[in-house]
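Colleague: One structure follows; several queries about it will come next.
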Amino acid sequence: MYLATKIQPLYLTKTLKLLYLIDETSVREIGVPITWLDYQVWKLSPVPKKLFVELRHNVKEFYQDKKVSLEDYITVERIPNPVKNRFDSYILKHRTTFDDGEFNDYEIELIDRIIAENKHLSSIKLVEKLHKKGTLWA
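Given below as structure tokens:
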């Protein structure tokens, strides 16, 4: 949700790439990720599959018989693509005010740094960045 308060419009693909960059940078700097998302190797770089499935397909996770969902915090707006051979777009918007109580100062600073470095990049440019020589996905 923090990303959605800082970047508008915030597309789903861009969100997934920024989350990966946040975690990768955190692992490089302090040895552990911030989000603890489980990324899978997909053609267009890493994707946290469970998050992707929830946001794109509205499929909720259950943990100990309780629904675990982002729907109280984020809305997803589907924008149909008029070109039939192209994918639809999905825009994330925040529903509530962000509460930084779940993050420490380092984590907020790191997220802000990743946003500042990448908010101007399109989803396509972020995918290209993740595939540059010397990266994990090259």
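Residue 25 in UniProt numbering sits at position 25 of the sequence shown, and the numbers go up by one each step.
No residue lacks a Cβ here, since even glycine has one placed at the ideal position from N, Cα and C.
(1) In this structure, what does DSSP give as the bridge partners for Lys93?
(2) Between the Cα of Leu16 and the Cα atoms of Leu126, Ile30 and Lys133, which residue gives the shortest distance?
(3) Return the residue from the list Lys133, Arg113 and Ser122 that minimises the CA-CA distance to Thr13.
(4) My understanding is that Tyr2 touches Phe87, with C-beta atoms under 8 Å, so please give their C-beta distance in whole angstroms.
(5) Identify whether Val41 lies in helix, strand or coil by the three-state DSSP scheme.
(6) Evaluate Ile111 with the Cβ neighbour count: other Cβ atoms within 10 Å of its Cβ, from every protein chain shown; 16 or more gives buried, anything less gives exposed.
(7) Below 8 Å on the Cβ atoms is my contact criterion, and I expect His94 with Thr35 to pass it. Report the Cβ-Cβ distance as a whole number of Å.
(8) So, at 7 Å on beta carbons, what are the nonlocal neighbours of Tyr39 in its own chain, with the 5 sequence-adjacent residues on each side left out?
(9) Please list the terminal residues of the continuous alpha helix (DSSP H) segment that includes Arg56.
(10) Pick out whichever of Thr96, Tyr11, Asn118 and Ile22 has its Cα sitting closest to the Cα of Tyr106.
Modeller: Walking through what the data contain:
(1) Thr75
(2) Leu126
(3) Ser122
(4) About 25 Å; that fails the 8 Å criterion.
(5) strand
(6) buried
(7) 17 Å between Cβ atoms; not a contact.
(8) Tyr20, Pro46, Val47 and Pro48
(9) Lys49 to His57
(10) Checked all of Thr96, Tyr11, Asn118 and Ile22; the closest Cα to Tyr106 is Ile22.
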